[in-house]
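Mapping to this note's numbering: the sequence shown position 164 is 343, numbers consecutive.
Glycine is no exception: its CB is placed at the ideal position from the N, C-alpha and C atoms.
Quick notes on the structure that follows.
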Amino acid sequence: MGVAALFLAGLLLMLAAAALFTNAVEWVAGEFGLGHALAGTVLAAIGTALPESIVPVVALIGGGRAAAATATGAILGAPFMLATVGLGLTGVVCLISGRTHLLVPGPSSRAVLYAFLGSYLLLIAGAFVPTPVRWADAALLAGLYALFVRRSLRDDRTSGESEETLLAARLLHRPGGGLALGAAQLLVALVTLALASELFILALEGIAPVIRLSALVLALLLVPLATELPELVAGSLWVARGRDLLALGNVTGAMVFQATVPAIIGLCFTPWDPSGIGFLAAAVTISGALVALAATGKRGVDARVLAPAGLGLYALYVVAVILGRA
């Protein structure tokens, strides 16, 4: 199978699996009466973040000279893409919908962004400390994410309704579905995610020598852009439907998840030396989160700031990478 075919097959499988997973998570959230804030920042965020989270694991299991660089790039690339393209596109869709602000509670939105910044700074700091300290850093990140989930559960005061119908129930013509069918759909989605990630790794190894990009740069730019499509598509649909809390929570919640859970893999199982291009991506990621913080006020998040800043930061990074290769 050619490189293009591998990448296309991986992308299609990734999107299908993420759709199955997200649908099942939202259905379960509705069944248990969970609100949109929790469903977006934790449940949907984890579901749509799983594709790129599996990439570093598969890369390290597969081994090879580029395994560590691929894993490092994937770990840094996911929050980078969310903090730039993810937030920027959310702002664009809001503006296209004829609104200037994403209508979300300011305090809770800022709390999620602060959680991301704190976790992400700890992740980057791990590059400057010896290995034993990195293990402690990883344990701290695990604890921080557990606290984040606990706080999200505590602060989830909105009532949820089961608005989603299980995709499996539609396909099998079983109205309502059931918890067993929902669990089966989740399992199928997880297995498919793992398979799609393996296809991405194979495609990545084939593309690198052809276009003369390092595995780190490819993992920072190409793989995250493809694997973030579930967040981008879901967020765009939610904003268009006026469900801003789900849309923004999905992106920022995934940022927190990516800065903690997959980061543990990088800190513990790679040399964790991002190099210059990786640190540049980290600086852009932090800038994107800070812009989102600045754009958050009493009326919500200002899409007129979010859209140009997010997409502009990504464009600047791409230009810097191209000039760096010249």
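So does the segment 262 to 272 actually touch the segment 478 to 490, counting three or more Cβ pairs closer than 8 Å?
Three or more Cβ pairs drawn from the segment 262 to 272 and the segment 478 to 490 lie within less than 8 Å of each other, which places the two stretches in contact.
Does the distance from the C-beta atom of Ile233 to that of Ala373 stay below 7 Å?
A Cβ-Cβ contact shorter than 7 Å links Ile233 with Ala373.
Within a Cβ cutoff of 6 Å, which residues of the same chain sit near Tyr299, ignoring the five residues on either side of it in sequence?
Within the same chain, Tyr299 has close Cβ partners Ala438.
Leu266 and Ala442 - do their beta-carbons sit closer together than 7 Å?
No, the pair does not count as a contact, with Cβ atoms beyond the cut-off.
Taking C-alpha atoms, which residue in Pro286, Asp481, Leu255, Ala426 lies nearest to Thr201?
Of all alpha-carbon atoms in Pro286, Asp481, Leu255, Ala426, the one lying nearest the alpha-carbon of Thr201 is that of Ala426.
Among Arg422, Ala318, Val221, Ala198, which has the Cα closest to the Cα of Arg120?
Residue numbering for the chain in the displayed model covers 180 to 505; residue 120 lies beyond these limits and cannot be assessed.
Scan the segment 190 to 244 and note each continuous alpha helix (DSSP H) run of 4 residues or more that stays entirely inside, going in chain order.
Unbroken alpha helix (DSSP H) stretches of 4 residues or longer found wholly inside the segment 190 to 244: 224 to 241, given in chain order.
Assuming the contact rule is C-beta atoms closer than 8 Å, Ala460 and Phe259 should be a hit. Round their C-beta distance to whole Å, please.
Going by Cβ atoms, the distance from Ala460 to Phe259 rounds to 5 Å, so yes, they are a contact pair.
Under 7 Å Cβ to Cβ from Val204, same chain only, skipping five residues before and after it: list those, please.
Take Val204, set aside five residues on each side of it, and the residues of its chain with a beta-carbon closer than 7 Å to its own are Leu222, Ala223, Gly226, in chain order.
Own chain, CB closer than 8 Å to Arg289, minus 5 neighbours either side, in chain order:
Around Arg289: Leu472, Thr475.
With DSSP run on the structure shown, which of helix, strand or coil describes Val480?
DSSP places Val480 in strand when its eight states are reduced to three.
Nearest to Thr449 (by Cα), restricted to the options Ala306, Leu292, Ala196:
Cα-wise, what sits closest to Thr449 is Ala306.
Just how far apart, CA to CA, sit Leu255 and Val237?
About 16 Å.
Which of the three DSSP states is assigned to Thr475 in this structure?
Secondary structure of Thr475 (DSSP, three-state): strand.
My understanding is that Val182 touches Ile386, with C-beta atoms under 8 Å, so please give their C-beta distance in whole angstroms.
Correct: roughly 6 Å between the Cβ atoms.
Identify the continuous alpha helix (DSSP H) that holds Phe307 and give its terminal residues.
From DSSP, Phe307 is part of no alpha helix (DSSP H); its letter is neither H nor E.
Between which two residues does the alpha helix (DSSP H) holding Thr279 run?
It is not in any alpha helix (DSSP H) - Thr279 carries neither H nor E in the DSSP assignment.
Restricting to Cα atoms, I'd like to know which of Gly445, Leu185, Ala196, Leu469 is closest to Leu365.
It is Ala196 whose Cα lies nearest to the Cα of Leu365.
Taking its Cβ as the centre, do 16 or more other Cβ atoms sit within 10 Å of Leu185, making it buried, or is it exposed?
Its Cβ being crowded by 16 or more others within 10 Å, Leu185 is buried.
Do you know offhand how far Tyr496's Cα is from Gly455's?
Answer to the nearest angstrom: the Cα atoms are 12 Å apart.
Nonlocal neighbours in the same chain, by C-beta distance under 7 Å from Phe327, ignoring five residues either side
Within its own chain, the residues whose Cβ lies closer than 7 Å to the Cβ of Phe327, once the five positions on either side in sequence are excluded, are Ala294, Val435, listed in chain order.
Would Ile303 be called buried (16 or more neighbouring beta carbons within 10 Å of its own) or exposed?
Around the Cβ of Ile303, a 10 Å sphere holds 16 or more other Cβ atoms; the residue is buried.
Please classify Val370 as buried or exposed, where buried requires at least 16 other C-beta atoms within 10 Å of its C-beta.
When all chains shown are included, Val370 counts as exposed.
Taking its Cβ as the centre, do 16 or more other Cβ atoms sit within 10 Å of Val312, making it buried, or is it exposed?
Here Val312 is exposed, its C-beta having fewer than 16 other C-beta atoms within 10 Å.
Quick check: what's the CA-CA separation for Ala494 versus Trp451?
Between the alpha carbons of Ala494 and Trp451 lies a distance of about 26 Å.
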